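As given, the protein sequences belong to chains A and B, one line each in that order. If you read the first sequence in this note's numbering, its first letter stands for residue 1, the second for the next number, and so on. If you read the second sequence in this note's numbering, its first letter stands for residue 1001, the second for the next number, and so on. Just so you know, even glycine gets a beta-carbon here, dropped at the ideal spot from N, CA and C. Keep in mind that this is a model prediction, so the values were computed, not measured.
There are 2 protein chains.
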Amino acid sequence: MKVVTLSAPATVANIVCGFDILGLALNEPCDKLVMRLIPEKTIRIINKDNYGLPVEPEKNVIGGALLAMLKAINENIGFEIESTKIIKPGSGIGSSAASAAGAVVGANHLLNNRFTKEELVAFAMCGEEIASGVKHADNIAPCIYGGVTLIRSNEPVDIIPLHAPPLFVTVIHPQIEIKTSEARKMLKKEVPLKDAVIQWANIAGLVAGFMKEDYELISRSLHDVIIEPVRSALIPAFAELKKQSMAAGALGGGISGSGPSVFMLSREENTACRVEKAMHDVYKKIGINFNTYVTMINTKGVTVVEN
Amino acid sequence: MKVVTLSAPATVANIVCGFDILGLALNEPCDKLVMRLIPEKTIRIINKDNYGLPVEPEKNVIGGALLAMLKAINENIGFEIESTKIIKPGSGIGSSAASAAGAVVGANHLLNNRFTKEELVAFAMCGEEIASGVKHADNIAPCIYGGVTLIRSNEPVDIIPLHAPPLFVTVIHPQIEIKTSEARKMLKKEVPLKDAVIQWANIAGLVAGFMKEDYELISRSLHDVIIEPVRSALIPAFAELKKQSMAAGALGGGISGSGPSVFMLSREENTACRVEKAMHDVYKKIGINFNTYVTMINTKGVTVVEN
């Protein structure tokens, strides 16, 4: 029986100003999936962790993604998946995307890579839809491609990998719950044109900054005048977290996806560690449990770790 | 007496999706300015064309730009400027910007380049304000820097030159009048967030397409869901012009600035010429006078042609 073991990384969607269109992959944390090709049209999900996620394929992001793929294949095959989630569901660093992206990359590997990466993104988005109610690719795409990705269009899927310089990422995960669907509902349906212009100027600056490896430009562009002013209210001490991170030398950062995790980018590892210390100091005072990570942008995306 | 002769190019602001933040310079047409440094705090404007533009410095874009510069200098010097406008005022390809940008680059040259390009942009914007009532840099910046420029911020001025591949530009100038201030008033003050997301995805795609020299990506990104649907009503046969230009092989294009000129980008010169022919065919039928140009992106900006 063909078996493959995969590592599927956490991801940061939006990257401050790029709401719904930008994302980046992290070296850590990563989920682990072990997948087997089976000779029946079945998806069998085995959870090897204690998160109690549903195992019915149509209620599970792995299942949703693989059902979409099996529909496109229409052969008498299926998959058994052992899922070990390391990325905590609801943390805002692409836990559901890692499951969906890992599953489709693994399935494609078992099928001798018959699908393109963009096709895999489209399948995985069907899994993501189960988690958040919306088909979005801003975690899926960086998880599959690695690095920093632009989702120019969701339908048809148009993913543009963006060159970026080495960047360290500090993440704090406050142990509170924010539902993506709730965070979406908070947003106004209309935005002032003048704010939209500021936002797209910063997005253009951020893309150019990544591609030119211009850290100063990246830093100047990491501003969000539309989403962050609304959603940051959900994250305790957000303003202080950001202020102290910047004082510690971060280039910038903000809410990871719809939160509650907050990330900060730094040019040097020791800066990223100082940012982690600054985050600790802010959060120790307010009495909410939290985890922090210092990691880097992951340039590979989902990887096969064992055949 | 120090004298300098300058060539100041036409420019295309917005570049379809990049309202107020993107612009590019054209090889043709160019205005000509002859400037002399004079030992008195005076700005003397001599029009060498028949457009009848005002010669009072505070009513003239050249004057407005140079007054801002003289204020920063605060010395007993001034400039005499002979202006020969080739870029027709009101054509939508940066006529006023060419005057203002040409004047500040010329003055800076006469003063042994004491100002940075960003400072020159800020001075020239004071001239642009006289023409349109708004301090905007989306024609000024490409006119001074050349190539494709991103205006990440107007205040403080933050100009990012963007690498771009060789591109041919076909321009049609219908001989009708559209006031920039009127074209601005048409726009809604609020835009749907979902449209803003589509727009910034395309802007990010366009920036990445330019920098990667990916013509297909440039083409896919040249869509404007916010400004063009409103302003295109001002331009006779706009939809047909675009349709036939695309059929002739253009990568894409749209309204130049606030119009009335319409531009199309092409990868090859012969395609750009076919696009010109297609534009001719559309406009010959509707009985409005027009001019067309086939030119390229100008990588130099304002140039000193004679010392």
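A:A103 versus A:R274: straight-line alpha-carbon distance, rounded: What you label residue 103 of chain A is simply residue 103 of the first sequence in a count that begins at 1. What you label residue 274 of chain A is simply residue 274 of the first sequence in a count that begins at 1. In this model, A:A103 and A:R274 are separated by some 36 Å (Cα to Cα).
When the Cα of B:I1235 is compared with those of B:A1141, B:I1176, B:S1153, which residue comes out closest? Within the second sequence, numbered from 1, the residue matching residue 1235 of chain B stands at position 235. Comparing alpha carbon positions, the residue from B:A1141, B:I1176, B:S1153 closest to B:I1235 is B:I1176.
Any beta-carbon of chain B closer than 8 Å to the one on A:K2? Walking along the first sequence from the start, residue 2 of chain A turns up at place 2. A:K2 does not count as touching chain B.
If you draw a straight line from the alpha carbon of B:A1010 to that of A:H223, how long is it in whole angstroms? Here the question's residue 1010 of chain B lines up with position 10 in the second sequence. Here the question's residue 223 of chain A lines up with position 223 in the first sequence. Here the alpha carbons of A:H223 and B:A1010 stand approximately 32 Å from one another.
DSSP state of B:I1062 mapped onto helix, strand, coil: For the purposes of this step, residue 1062 of chain B is identified with residue 62 of the second sequence, where counting begins at 1. If DSSP states are grouped into helix, strand and coil, B:I1062 belongs with the helices.
Using a Cβ-Cβ cut-off of 8 Å, state whether B:F1019 counts as contacting chain A. Against the second sequence, residue 1019 of chain B aligns to sequence position 19. With 8 Å as the cut-off, B:F1019 counts as an interface residue toward chain A.
Along the segment 145-160 of chain A, where does the CB come closer than 8 Å to a CB of chain B? Name the residues. Listed in sequence order: L150, I151, R152, S153, D158, I160.
Alpha carbon to alpha carbon, what distance is there between B:K1277 and A:G254? By one-based count along the first sequence, residue 254 of chain A stands at place 254. By one-based count along the second sequence, residue 1277 of chain B stands at place 277. Their backbone Cα atoms lie some 50 Å apart in a straight line.
Local conformation of B:L1006 per DSSP, three classes: Along the second sequence, read from residue 1 onward, the residue named residue 1006 of chain B stands at position 6. Correct three-state label for B:L1006: strand.
So A:M264 and A:T149 are supposed to be a Cβ contact under 8 Å. How far apart are they, rounded? Position 264 of the first sequence holds residue 264 of chain A. Position 149 of the first sequence holds residue 149 of chain A. Rounded, the Cβ-Cβ distance is 20 Å, inconsistent with contact.
Quick test of the definition: if touching needs 3 or more C-beta pairs under 8 Å, does the segment 92-111 of chain A touch the segment 139-146 of chain A? Yes: the two stretches touch, three or more of their Cβ pairs being nearer than 8 Å.
So, at 8 Å on beta carbons, what are the nonlocal neighbours of A:N312 in its own chain, with the 5 sequence-adjacent residues on each side left out? Given a span of 1 to 307 for chain A in the structure shown, any question on residue 312 of chain A remains unanswerable.
For A:L251, decide whether its Cβ has a neighbour in chain B, counting only Cβ atoms nearer than 8 Å. Position 251 of the first sequence, counted from the start, is the residue given in the question as residue 251 of chain A. For A:L251, the nearest beta carbon of chain B is not closer than 8 Å to its own beta carbon.
Could you spell out where the beta strand (DSSP E) holding B:T1116 opens and where it closes? By 1-based counting over the second sequence, the position of residue 1116 of chain B is 116. It is not in any beta strand (DSSP E) - B:T1116 carries neither H nor E in the DSSP assignment.
To the nearest angstrom, report how far apart B:N1113 and B:M1211 are at their CA atoms. Sequence index remark: in the second sequence, residue 1113 of chain B carries index 113 (1-based). Sequence index remark: in the second sequence, residue 1211 of chain B carries index 211 (1-based). Within the model, the alpha-carbon separation for B:N1113 versus B:M1211 is close to 29 Å.
Minimum length 3: unbroken beta strand (DSSP E) runs contained in the segment 1209-1235 of chain B: DSSP runs (the beta strand (DSSP E)) wholly in the segment 1209-1235 of chain B: none.
C-beta neighbour in chain B for A:K48, strict 8 Å: By 1-based counting over the first sequence, the position of residue 48 of chain A is 48. Taking 8 Å as the CB threshold, A:K48 stays off the interface with chain B.
Let me confirm a value: A:Y51 is counted as buried when at least 16 other C-beta atoms fall within 10 Å, else exposed. Which label applies? What you label residue 51 of chain A is simply residue 51 of the first sequence in a count that begins at 1. Burial call: exposed.
Which whole-angstrom value is the C-beta distance of B:L1037 and B:K1002, which I expect to be below 8 Å? As a first step, residue 1037 of chain B is located in the second sequence; it is residue number 37 there, counting from the start. As a first step, residue 1002 of chain B is located in the second sequence; it is residue number 2 there, counting from the start. Going by Cβ atoms, the distance from B:L1037 to B:K1002 rounds to 5 Å, so yes, they are a contact pair.
Taking one C-beta from the segment 1183-1191 of chain B and one from the segment 1039-1050 of chain B each time, how about it: are there three or more such pairs within less than 8 Å? Below 8 Å, too few C-beta pairs join the segment 1183-1191 of chain B and the segment 1039-1050 of chain B to call them touching: fewer than three.
In the DSSP output, which residue or residues are listed as bridge partners for A:C30? Here residue 30 of chain A refers to the residue found at position 30 when the first sequence is read from its first residue. Within the DSSP bridge table, the entry for A:C30 names A:P9 as partners.
Under 7 Å, CB to CB, which of the residues in the segment 205-233 of chain A have a partner in chain B? Listed by position along the chain: G205, V207, A208, M211, L217, R220, S221.
For the segment 1191-1206 of chain B, which residues have a beta carbon sitting closer than 9 Å to at least one beta carbon of chain A? Cβ contacts with chain A: V1191, P1192, L1193, K1194, D1195, A1196, V1197, I1198, Q1199, W1200, A1201, N1202, I1203, A1204, G1205, L1206.
Would you mind listing the alpha helix (DSSP H) stretches within the segment 78-137 of chain A that are 4+ residues and don't spill past its ends, in chain order? Within the segment 78-137 of chain A, the complete alpha helix (DSSP H) runs of at least 4 residues are 95-110, 117-132.
Buried or exposed: which applies to B:T1116, given that a residue is buried once 16 or more other Cβ atoms fall within 10 Å of its Cβ? As a first step, residue 1116 of chain B is located in the second sequence; it is residue number 116 there, counting from the start. Exposed is the call here.
Could you name the residues of the segment 1120-1146 of chain B whose beta carbon sits closer than 9 Å to any beta carbon of chain A, in the order they occur along the chain? Listed by position along the chain: nothing, the set is empty.
Does the Cβ of B:V1191 have 16 or more other Cβ atoms within 10 Å, making it buried, or fewer, making it exposed? Against the second sequence, residue 1191 of chain B aligns to sequence position 191. It counts as buried.
So that I know if they touch, is there some Cβ in chain B lying closer than 8 Å to that of A:K189? As a working note, residue 189 of chain A is residue 189 in the first sequence. Answer yes: the Cβ-Cβ gap between A:K189 and chain B drops below 8 Å somewhere.
Using the beta-carbon count (16 or more within 10 Å), is B:N1307 buried or exposed? If you number the second sequence from 1, residue 1307 of chain B lands on position 307. An exposed status is given to B:N1307, since fewer than 16 other beta-carbon atoms sit within 10 Å of its beta-carbon.
Distance cutoff 8 Å, beta carbons only. Does B:L1265 sit that close to anything in chain C? Protein chains A and B are contained in the structure displayed, whereas chain C is not.
Whose C-beta lies closer than 7 Å to the C-beta of B:P1054 among residues of the same chain, with five residues either side of it excluded? Looking up residue 1054 of chain B in the second sequence gives position 54. Non-local C-beta neighbours of B:P1054 in its own chain, meaning closer than 7 Å and more than five positions away in sequence, comprise N1060, ordered along the chain.
6 Å Cβ shell around B:A1237 - same chain, five flanking residues per side excluded: By 1-based counting over the second sequence, the position of residue 1237 of chain B is 237. Within the same chain, B:A1237 has close Cβ partners V1282, I1286.
8 Å Cβ cutoff, A:L162 in contact with chain B: Indexing the first sequence from 1 puts residue 162 of chain A at position 162. At least one chain B Cβ lies under 8 Å of A:L162.
Leaving out five residues before and five after A:R267 in sequence, what residues of the same chain have Cβ atoms less than 6 Å from its Cβ? As a first step, residue 267 of chain A must be located in the first sequence, where it is residue number 267. Same-chain partners within the cutoff: Y215.
Pop quiz: B:G1092 and B:S1261 are said to be a contact at Cβ under 8 Å. What is the actual Cβ separation, rounded to whole angstroms? Taking the first residue of the second sequence as 1, we reach residue 1092 of chain B at position 92. Taking the first residue of the second sequence as 1, we reach residue 1261 of chain B at position 261. About 4 Å separates the beta carbons of B:G1092 and B:S1261, which is inside the 8 Å limit, making them a contact pair.
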